[in-house]
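Residue numbers (our numbering), protein chains in the order written: chain A, 1 to 375; chain B, 1001 to 1412.
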Amino acid sequence: MNPLDRFKSVWNDPNDYARKRKQQTGRKILGYFCSYAPEELIHAAGLWPFRLLGTKGEIRMADTHLQSYCCSLVRGGLEAALNGSLDFLDGAVFPHTCDSIQRLSDIWRLNAGFAHHFDAVLPVRLDTPSARQYMIDVLNEFRQELADAFGTEISDDAVWQAIGDYNRIREKLSTLYELRSRAPGLFDPSTVHRIMTAAMVMERREFSEQITAFLEGVEPDAAGRSDTGRKRVVLSGGICTHPDIYELLARAGADVVWDDLCTGARYFEGRIAEDGTDPLAALADRYMERTVCPAKHQDITVRGRALVDMVRHQQAGGVIFLLLKFCDPHAFDYPYLKKFLDEAGIPSLLLEIEEQPPPEGQLMTRFETFVDMLA
Amino acid sequence: MAENEKKHDPEKEKRKIQAVSRMKEIMTDYYIEAKGAREKGRKVAWITSGGPVEPLIAMDVIPVYPENHGAMIGASKMGAQLCEQAEEMGYSRDLCSYARADIGDAVAKTGPIGGLPEPDMLVCCNNICGTVLKWYETAARFFNVPLFILDTPFIHREFTDSARKYVLAQIYEYISFLETHCGRKMDYERMEEVGRLSVEATQLWQSVLDTCAHKPAPMTAFDAFFHLALIVTLRGTQVTVDYYRQLLDELNDRIDRGIAMVPNEKYRLLWDNLPVWYRTRWLSDKFAGHDAALVADTYTSAWSGMLPEMNGQSFLEAMSETYTKVYINISIDRMFDIVAGMIQKYDVDGMVMHSNRSCKPYSLGQYDLRQMIMDRLGVPTLIIEADMVDERNFSESQIDTRIDAFMETLKS
Ligand code: SF4
Ligand code: SF4
Ligand code: SF4
């Protein structure tokens, strides 16, 4: 299977991939929901971090535990845990983010029945020395708990090694994004999204090999075929996990050239310094410096400024907000982000996603209307 | 609680809590003072309901509570209207209705007191939810004033040493924040005195709630919702201590004289979550009609739960643990332990849970909590779906039927 087909098949059924690959490698798998889950430590422990993305199916079993006014990632994640589709997991880790994930952790621990459960209650503020110190402490505690639970040791060297592995992967993903931004037509519209999904669920060594091979195979675009003639947009949000709207947008006449999604650019944003003395401090510093998630606190206008800068830097014509219904942190930021864009003269479109994205026809009309407005 | 006296009914008159009028007086004075703060050169800080108010009192800053304001908006039935105002500004209808109503009113100023006094600074403690973090960030941008965040890590299992260190460090950061923005040093002796008053008021509040362990209960949770305002807003002042002493005396006197709030109290219920502010009267009558008294609740007791374990520490030191361990900053299993304790203490026959779509940290997890209560304690539990302020999310006929059905099972 060539790398692209591999990515597509993983994207299509991550659980099936995990189950089979686990059989081959015997590697234990730890699930996680959020980009603040310290994957590097999981990787350093010899485990395989697996991003949980909710469920594509119907929600039934989770209804006994969660009210309807809860985002579909949390509901879908619990559904998957209860209905057996995550049977390959050895456990999960919950870094503290929003109120819903916080309760999901309890409900999961009490009902899902996996062998291991971790809470890494990271700070909510990411702007003070005391918060940084606390973050380092929590990372240390998590490292210890992991080591105890799986009967291993996680040496500083192992963490440095994992940091190196992750930096390499993040560099590759960053290259991928740069390539697409420069020449959107190099890839099919949803290719990058699929690769990103694969990056968060695949056994990382395999992913690393595959992405390297994939990038080596990308032909420089001599003939200029990669100029699609479509308009350029940026996605913002929204969605701890997000749907595949790229094809549809392309048909409506726009290419996604960048985003600030956790399952997108935020995943690879920020290198971890490899020349320090404390690897956990190095991990903490990436979290402290990376543009903040709305569930965390930093400079109160940084997200707005970053978004406007991104649009300008990417020479995009507009922004599409993807917000998951019942997602409080993002919904609270939307009005101010929109205001920043308005003031900068950047058009935007809000797409609120419920359990399923809106019907295709309706979405298409909205996209077309929006794309027509763009410069 | 609006006291619309229509006809003079001596039976009802006898059951009224006299202290109510004193409470209204104190709250009115307090809001007048807060509204006039600017002219008097005093600073106003907005603070979250679970936030450490004591340092503000010690620094002579007037604390103002947007959540208390939210409750007033709800009780005045202005919730939907002000929420819509915020929705027009782009805030999703699914956000907490305290936040929406308050954001709406900050712009419209059409609420019950014509807008809250504007803040000179904001103090947000996230021990109650992540909503307040976002809400206060919004306010900080809107009013362009400094914001202090006290980050109290959620307790899934235990309050760790690293969390203790982190919160304590922030308490001192909080004090420097106040010193900077008040242009004055903290008087630590005064601080300890305020702390002492705060502890005293908290103990008194606990005693007030404890009177409901008596059968029949001299007041109900609906009264507690009303009398709560002072322990939230003016904890750490002498006025509050005096007031709760007065209230406690009155309640003890009622016990002595055999005055019950619900005339033929037969069933004793425990309420979970925030009140439905725009329907307290209706719900109170509804339950009383079934001879049921809400003898306790997890909401108002969250403040008596904030009694610090001093263990020879200073108030500030003790605070870090107290403020982190509040009722909704802990896991479902820890919540269960507290609820189980209350069920026993108040000898409760059933539980009523308000599944409040505004408040995710309080409401998500209720289904599991309910299951634990029924399985482990055999206490029947009813869930009603509503919202504390946004009356568009209240279906009277549905709730009416559910309460009737629940009471039937209790009676059988
Ligand atoms: S948006 Fe925030 S909560 Fe969601 S995955 Fe990203 S970092 Fe985590
Ligand atoms: S989508 Fe929003 S509500 Fe859901 S888990 Fe992520 S941050 Fe929380
Ligand atoms: S009602 Fe709940 S979500 Fe709203 S401010 Fe209070 S604790 Fe937070």
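Glycine included, every Cβ here is placed at the ideal spot set by N, Cα and C.
task: Return yes when at least one heavy atom of ligand 1 lies under 7 Å from the C-beta of A/TYR36, else no.
output: Yes, since a heavy atom of ligand 1 falls inside the 7 Å radius drawn around the Cβ of A/TYR36.
- prompt: Do you know how far the Cα of A/THR291 is from the Cα of B/ARG1235?
  reply: 38 Å
field: Assigned exposure category for A/GLU79 - 16 Cβ within 10 Å defines buried
entry: Counting Cβ neighbours within 10 Å, A/GLU79 comes out buried, since at least 16 surround it.
message: Residues of the segment 318 to 336 of chain A in Cβ contact with chain B at a cutoff of 8 Å, in chain order, please.
response: Within the segment 318 to 336 of chain A, the residues whose Cβ lies closer than 8 Å to any Cβ of chain B are, in chain order, LEU323, LYS325, PHE326, ASP328, PRO329, ALA331, PHE332, ASP333, TYR334, PRO335 and TYR336.
query: Which residues mark the beginning and the end of the alpha helix (DSSP H) in which A/ARG180 is found?
result: A/ARG180 -> alpha helix (DSSP H) spans 156 to 182.
query: Does the beta carbon of A/ASP275 fall short of 7 Å from some heavy atom of ligand 2?
result: The beta carbon of A/ASP275 sits no closer than 7 Å to any heavy atom of ligand 2.
- prompt: Going by the beta-carbon positions, is the gap between A/TYR336 and A/GLY304 smaller than 8 Å?
  reply: yes
task: Express the C-alpha separation of B/SER1355 and B/ARG1254 in angstroms, rounding to a whole number.
output: Straight-line Cα distance between these residues: approximately 33 Å.
query: In chain order, what residues of the same chain have a beta carbon less than 7 Å from the beta carbon of A/LYS22, not counting five sequence neighbours either side?
result: ILE29 and PHE88
- prompt: Just to confirm, are A/ARG271 and A/ASN111 a CB contact at a threshold of 8 Å?
  reply: no
field: Segment limits, alpha helix (DSSP H) that includes B/GLU1309
entry: No alpha helix (DSSP H) holds B/GLU1309; DSSP gives it neither H nor E.
query: Hey, how far is the Cα of B/TYR1065 from the Cα of B/SER1049?
result: 7 Å
- request: Say whether chain B places a C-beta atom closer than 8 Å to the C-beta of A/TYR134.
  value: Yes, its Cβ sits closer than 8 Å to a Cβ of chain B.
message: Let me check understanding here. Comparing Cα to Cα, which of B/VAL1145, B/PHE1394, B/THR1298 and B/ALA1288 lies closest to B/MET1407?
response: B/ALA1288
- prompt: Any idea what DSSP makes of B/MET1335, helix, strand or coil?
  reply: helix
- request: Using a Cβ cut-off of 8 Å (strictly closer), state whether A/VAL201 contacts chain B.
  value: Cβ-Cβ to chain B under 8 Å: no for A/VAL201.
- prompt: Does DSSP put A/SER236 in a helix, a strand or coil?
  reply: strand
Own chain residues within Cβ distance below 6 Å of A/TRP160, not counting five before or after: So the qualifying residues of the chain are PRO279.
task: Give every residue of the same chain whose Cβ lies closer than 6 Å to the Cβ of A/TRP48, excluding the five residues on either side of it in the sequence, and list them in chain order.
output: ARG27, ILE29 and GLU203
message: Could you check if A/GLU171 belongs to the surroundings of ligand 3, using beta carbon to heavy atom distance under 7 Å?
response: Relative to the non-hydrogen atoms of ligand 3, the Cβ of A/GLU171 never comes closer than 7 Å to any of them.
- request: Quick one: give me the first and last residue of the beta strand (DSSP E) that B/SER1355 is part of.
  value: 1350 to 1356
Selection from A/VAL218, A/ILE195 and A/LEU235 that minimises the alpha carbon distance to A/SER208: For the options A/VAL218, A/ILE195 and A/LEU235, the alpha carbon positioned closest to that of A/SER208 is the one of A/ILE195.
query: Under 8 Å between the Cβ atoms of B/ILE1231 and B/ALA1201?
result: Going by beta carbons, B/ILE1231 and B/ALA1201 fall inside the 8 Å limit.
field: alpha helix (DSSP H) segments (min. 4 residues) lying fully within the segment 1086 to 1136 of chain B
entry: 1097 to 1108
- request: Quick one: which residues of the segment 1116 to 1139 of chain B get their C-beta closer than 8 Å to a C-beta of chain A? List them in chain order.
  value: ASN1126, CYS1129, GLY1130, THR1131, LEU1133, LYS1134, TRP1135, GLU1137 and THR1138
message: Below 8 Å on the Cβ atoms is my contact criterion, and I expect B/LEU1133 with B/LEU1204 to pass it. Report the Cβ-Cβ distance as a whole number of Å.
response: In this structure, B/LEU1133 and B/LEU1204 do not form a Cβ contact; the two beta carbons are roughly 31 Å apart against a cut-off of 8 Å.
task: Identify, in the order they occur along the chain, each residue of the same chain with its Cβ nearer than 6 Å to the Cβ of B/LEU1316, setting aside the five sequence neighbours on each side.
output: ILE1171
query: A/MET373: buried (16+ other C-beta within 10 angstroms of its C-beta) or exposed?
result: A/MET373 comes out exposed.
message: Could you check whether the segment 244 to 262 of chain A touches the segment 348 to 366 of chain A, counting it as contact only if at least three pairs of C-beta atoms, one from each stretch, sit closer than 8 Å?
response: yes
query: So which of B/PRO1010, B/ILE1017, B/HIS1008 and B/ASP1009 has the shortest CA-CA distance to B/MET1261?
result: Comparing Cα-Cα distances from B/MET1261 to each of B/PRO1010, B/ILE1017, B/HIS1008 and B/ASP1009, the minimum goes to B/ILE1017.
field: Inter-stretch contact (C-beta, 8 Å, three-pair minimum) for the segment 1345 to 1355 of chain B and the segment 1256 to 1273 of chain B
entry: yes
Residue environment, A/PRO129, which counts as buried when at least 16 other CB atoms sit within 10 Å: exposed
field: A/ARG445 - DSSP class collapsed to helix/strand/coil
entry: Given that chain A is displayed from residue 1 to residue 375, the structure contains no residue 445 of chain A and the question cannot be resolved.
- prompt: Going by C-alpha distance, which of A/ALA199, A/PRO189, A/PRO123 and A/GLY84 is nearest A/THR382?
  reply: In the structure as shown, chain A starts at 1 and stops at 375, and residue 382 of chain A therefore has no counterpart that could be examined.
message: Following a CB-centred definition, is B/ALA1293 positioned closer than 7 Å to any heavy atom of ligand 1?
response: Answer for B/ALA1293: no, Cβ out of range of ligand 1.
query: Would you say B/ASP1368 reaches chain A, if we count a Cβ-Cβ gap shorter than 8 Å as a contact?
result: yes
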